[in-house]
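Presented below is the structure to which this report refers.
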Amino acid sequence: MGLSQHRNIGDMCQQVMLRRELLEKEESQLITAVLNIRSKLNELVPVFQLPPEVLEEVFTLCISWLYGYQKPKHRLSWTQVCGAWRHLAFSSARLWQHIDLGDSRLADEFLFRSKGAPLFITSSSPLKLTPNTLTLHSRRLESIDVFLFPNDMAHLFSSIGRYLPMLRNLSLKITPMSSTIYLDLSLPSLRRLSLEGVAIRWEECSNLTHFSLRGYNTAACPSISQLHDILEASPQLEYVRLECFVPPSVKVVERPPIVLLHLKEFTISSKPAVSRSILSSVLLSPKTRLQLYLSLSEDLHSLFPEGLPYASDSSVPYKATSLLSHHRGKSIDVSSIRLSRHGAYFIRPSSSTWCDDPSAFLLSLSSASPLSSYVCTSLSHILDLTTISHLELNTGVLLDITVKSLENLFRDLDCLRSLAIAFNDIDQLFEVLQFRDNATGSMYLPRLETLSFSKPYDLWWHFGGRWMESIFATIKIRRTHGCPLRTLEFFSCHGLSQSVVQDLGRSVDQVTVKDQSNVKKNE
1 MGLSQHRNIG DMCQQVMLRR ELLEKEESQL ITAVLNIRSK LNELVPVFQL
51 PPEVLEEVFT LCISWLYGYQ KPKHRLSWTQ VCGAWRHLAF SSARLWQHID
101 LGDSRLADEF LFRSKGAPLF ITSSSPLKLT PNTLTLHSRR LESIDVFLFP
151 NDMAHLFSSI GRYLPMLRNL SLKITPMSST IYLDLSLPSL RRLSLEGVAI
201 RWEECSNLTH FSLRGYNTAA CPSISQLHDI LEASPQLEYV RLECFVPPSV
251 KVVERPPIVL LHLKEFTISS KPAVSRSILS SVLLSPKTRL QLYLSLSEDL
301 HSLFPEGLPY ASDSSVPYKA TSLLSHHRGK SIDVSSIRLS RHGAYFIRPS
351 SSTWCDDPSA FLLSLSSASP LSSYVCTSLS HILDLTTISH LELNTGVLLD
401 ITVKSLENLF RDLDCLRSLA IAFNDIDQLF EVLQFRDNAT GSMYLPRLET
451 LSFSKPYDLW WHFGGRWMES IFATIKIRRT HGCPLRTLEF FSCHGLSQSV
501 VQDLGRSVDQ VTVKDQSNVK KNE
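Taken in order, the sequence shown gives residues 1 to 523; the numbers are from full-length UniProt numbering.
Take a look at the structure:
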């Protein structure tokens, strides 16, 4: 091949390259033009008319999905929709505040994008992010909520340090059956504390609004005195839960009452002596929901020797603690009582019969052993029973209550107007309702007007054949002695015939029968 031919080939190659460059430049210009057109078209879509702050709230929801049980397949796909969304997402530091230590790739990205925003640390799986990465960000930590192995927990806090000045929420839980671990922390801004199997410096706990402890042996559990110090140092407490609480002793240091008038819910799971010791120095708002889980083997005098721990007046000032020893009162906002074999529930007014909404219960006692007989004999110690207008006897409770206990209970509830009975053997009940009190000469429950049988969602089999004779006898005897029943209610009571319902209608003012499928038609 000659020199001229080489030159021709070279010229051709240069022309091809020049032509290619021109086409690529033209292509780039066309792509840019198309992108500009698409961008302008996007701006006309309704979603793009949303203000940036609204879009940011939408992105906050997208971020929250990353921490649910069913994580999205393409977890950050919304940042790839367009340049405007991507720019807005990456420039908003608060979107990236929640760091999942169980996902190292996302955790590193989130730490970088969160800039100087407060951090919320979470993890429900073993650590995958090297905690040393958090060391530089420890002063930004506002919340830590982790469930870890003890070694991972210790490693995490050894890395981020003991002084966390911004931390407001701390929720630590170690794996079950692990030994309690101790963390030496200084938390001056802490407001919400939930610990399970992790101990800290109890004297550092103050100004809390939420406080929850669980999973300690006696050696690691705070003492009653330390617990009282925490409560006293946190007058704005709204929620307290002490589960399986086993302090080293039940000895109580005499002190002025601790006033917790902002407390909405107080739950204690422990021995009766421990519950008594905790409550002996506490004064609650009349609206505080108190839940006790214990095994009661004595009457209510032993559990509440000075009465219920409720202030008689919710306006009692905090500074008057030295004068509050006489402020415990029986007048709490309760109009109904429910007795179960293993529980007693004191129900707020305006709650429906057999209501199961926890917010309806002002005070509840749950016991591993039957407690109904103990409650029956000592209700007047803790309540002004003239305020009780409704009583519920839950399934099987009458098995544990003797006739004498039932008489004592009914003697105290002389203002009762309504009695609801779930599935029970009710021979003894009718026996008491049909006879007069030997001490007073009057009928038991003299103001009783309404008898209700069964729960709306239960079925009381063979009710008609077993109890109707006793019901008619009770109606007749009480009317004769000037204490007439006016209303009878039957919910899913099997074996009622239409003729029996009609006869009852002639004996009382009103008969209500629910679930008509159980009413037998006359042949």
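Think of the CB as a built atom: it goes at the ideal place given N, C-alpha and C, for glycine as much as any other residue.
Treat the numbers as computed from the prediction; the structure is a model and nothing was measured.
N-terminal and C-terminal residue of the alpha helix (DSSP H) that residue 299 is part of: Start at 1 with the first residue of the sequence shown, and residue 299 comes out as number 299. Element bounds for residue 299: n/a, residue is neither H nor E.
Residues bridged to residue 384 [DSSP beta-bridge criterion]: One-based indexing of the sequence shown puts residue 384 at position 384. Residue 384 pairs with nothing; no bridge assigned.
Between the CA atoms of residue 395 and residue 356 - distance to the nearest angstrom: Here residue 356 refers to the residue found at position 356 of the sequence shown. Here residue 395 refers to the residue found at position 395 of the sequence shown. Cα-Cα distance, rounded: 14 Å.
Pair within 7 Å by beta-carbon distance, residue 224 and residue 304: Position 224 of the sequence shown, counted from the first residue, corresponds to residue 224. Position 304 of the sequence shown, counted from the first residue, corresponds to residue 304. Taking 7 Å as the Cβ cut-off, residue 224 and residue 304 do not qualify as a contacting pair.
Residue 443 - partner residues in DSSP beta bridges: Translated into the one-based positions of the sequence shown, residue 443 becomes position 443. DSSP, once it has assigned bridges, lists 436 as partnering residue 443.
Cα-Cα separation between residue 162 and residue 172, rounded to whole angstroms: Here residue 162 refers to the residue found at position 162 of the sequence shown. Here residue 172 refers to the residue found at position 172 of the sequence shown. Their backbone Cα atoms lie some 15 Å apart in a straight line.
Three-way DSSP call (helix, strand, coil) for residue 145 in this model: Locating residue 145 in the sequence shown gives position 145, counting from the first residue. In the structure shown, residue 145 sits in a strand (DSSP, three-state: E or B).
C-beta contact flag for residue 241 and residue 206 at 7 Å: For this step, residue 241 is matched to residue 241 along the sequence shown. For this step, residue 206 is matched to residue 206 along the sequence shown. Cβ distance not < 7 Å, so residue 241 and residue 206 don't count as in contact.
Through-space distance from residue 92 to residue 341, alpha-carbon basis: Position 341 of the sequence shown holds residue 341. Position 92 of the sequence shown holds residue 92. Cα to Cα, the separation comes out at about 56 Å.
Nearest residue (CA-CA) to residue 101, options 446, 157 and 88: To locate residue 101, count along the sequence shown from 1; it is residue 101. Comparing Cα-Cα distances from residue 101 to each of 446, 157 and 88, the minimum goes to 157.
DSSP-derived helix/strand/coil call for residue 394: Here residue 394 corresponds to residue number 394 of the sequence shown, with the count starting at 1. Residue state, collapsed to three classes: coil.
Straight-line Cα distance separating residue 66 from residue 145: Translated into positions along the sequence shown, residue 145 becomes position 145. Translated into positions along the sequence shown, residue 66 becomes position 66. For residue 145 and residue 66, the distance between alpha carbons rounds to 15 Å.
Option in 455, 297, 389 and 387 with minimal Cα separation from residue 377: What you label residue 377 is simply residue 377 of the sequence shown in a count that begins at 1. Nearest of 455, 297, 389 and 387 to residue 377, Cα basis: 297.
For residue 100, the first and last residue of its enclosing beta strand (DSSP E): In the sequence shown, residue 100 corresponds to position 100, counting from 1. Residue 100 -> beta strand (DSSP E) spans 98 to 100.
Per-residue DSSP class, three states only, for residue 510: For the purposes of this step, residue 510 is identified with residue 510 of the sequence shown, where counting begins at 1. Looking at residue 510 - three-state DSSP - the assignment turns out to be strand.
Opposing strand residues paired with residue 608 [DSSP bridges]: The question about residue 608 has no answer, for the chain in this structure spans 1 to 523.
Limits of the unbroken alpha helix (DSSP H) element including residue 411: Here residue 411 is taken as the residue at index 411 of the sequence shown, counted from 1. Where residue 411 is concerned, the enclosing alpha helix (DSSP H) stretches over 403 to 412.
Close beta carbons around residue 82, own chain, < 7 Å, minus the five adjacent residues each side: Here the question's residue 82 lines up with position 82 in the sequence shown. If we look at residue 82 and ignore the five residues flanking it on each side, its Cβ neighbours are 42.
Which of helix, strand or coil DSSP assigns to residue 334: For this step, residue 334 is matched to residue 334 along the sequence shown. In this structure, residue 334 counts as coil in the three-state DSSP scheme.
Pair within 7 Å by beta-carbon distance, residue 292 and residue 268: If you number the sequence shown from 1, residue 292 lands on position 292. If you number the sequence shown from 1, residue 268 lands on position 268. Their beta carbons are under 7 Å apart, which means residue 292 touches residue 268 by this criterion.
Proximity winner among 384, 22, 345 and 389, relative to residue 371 (alpha-carbon distances): Indexing the sequence shown from 1 puts residue 371 at position 371. Residue 345 is the option with its Cα nearest to residue 371.
Inter-residue spacing [alpha-carbon to alpha-carbon] between residue 53 and residue 264: Along the sequence shown, read from residue 1 onward, the residue named residue 53 stands at position 53. Along the sequence shown, read from residue 1 onward, the residue named residue 264 stands at position 264. Going from the Cα of residue 53 to the Cα of residue 264 covers about 34 Å.
Candidates 351, 389, 343 and 349, of which the one nearest residue 368 by Cα: Here the question's residue 368 lines up with position 368 in the sequence shown. It is 343 whose Cα lies nearest to the Cα of residue 368.
For residue 450, the first and last residue of its enclosing beta strand (DSSP E): As a first step, residue 450 is located in the sequence shown; it is residue number 450 there, counting from the start. Start and end: 450 to 453.
When 486, 347 and 422 are compared against residue 461, the one with the closest alpha-carbon: Working through the sequence shown from its first residue, we reach residue 461 at position 461. Among 486, 347 and 422, the Cα nearest to that of residue 461 is on 422.
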